[in-house]
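**Student:** Positions in the sequence shown are counted from 1; adding 46 to them yields my numbering. Dumping the structure here so I can ask a few things about it.
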Amino acid sequence: MFLLGRIGSVSATLFLAFILATAMLVALGLYWPTMLNYILDGAELVEQGLTHTGLPDRYNNFVRLFLGDEQLAFLFFTIIARIIIAIIGSIFTRATQPKSIVDKAFG
């Protein structure tokens with residue numbers, strides 16, 4: 047039963063991170079397009095660096111196919127969204143759970 051709860055929690059976190067990342071990306075594009083342009087330029091530089099590593103064409107074709115600058119930019123926003131969710135979740139968990147024995151001993 048614990049495993050199903052854990053899988054549900056992880057799935058909800060991933061879905062929430064996807065929604066939050068999309069909202070951040072759209073908001074940045076609407077309210078601060080210059081910064082979004084810098085992020086996309088940085089993602090393009092990372093893509094260029096990763097696709098020109100000297101791998102054989104057999105592997106490099108897949109890297110080029112699955113790794114685009116748009117995916118890298120969205121991955122950046124998703125990582126930021128996961129960090130925000132983790133911070134908020136930690137604060138909520140800390141506020142709702144009783145103090146442990148260690149916390150009571152050390153204040």
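Just so it is clear, CB atoms sit at the ideal spot from N, CA and C, and this is done for glycine as well.
#1: Taking Leu118 as the reference, which of Tyr84, Ala132, Ile131 has the closest Cα?
#2: Determine the DSSP secondary structure at Gln117, reduced to helix, strand or coil.
#3: Distance, Cα to Cα, Gly95 vs Met81?
#4: Quick check: the stretch 50-66 against the stretch 128-146, are at least 3 beta-carbon pairs closer than 8 angstroms?
#5: Taking the alpha-carbon of Phe120 as reference, which of Val72, Arg52, Gly54 has the nearest alpha-carbon?
#6: Could you compute how far the alpha carbon of Asn107 sits from the alpha carbon of Asp87?
**Tutor:** According to the structure shown:
#1: Counting from one through the sequence shown, the residue named residue 118 turns up at place 72. The shortest Cα separation from Leu118 among Tyr84, Ala132, Ile131 belongs to Tyr84.
#2: Mapped onto the sequence shown, residue 117 falls at position 71. Correct three-state label for Gln117: helix.
#3: Here residue 95 refers to the residue found at position 49 when the sequence shown is read from its first residue. Here residue 81 refers to the residue found at position 35 when the sequence shown is read from its first residue. Going from the Cα of Gly95 to the Cα of Met81 covers about 21 angstroms.
#4: yes
#5: Along the sequence shown, read from residue 1 onward, the residue named residue 120 stands at position 74. The shortest C-alpha separation from Phe120 is found at Val72.
#6: As a working mapping, residue 107 is identified with position 61 in the sequence shown. As a working mapping, residue 87 is identified with position 41 in the sequence shown. Each residue's Cα considered, the two are about 22 angstroms apart.
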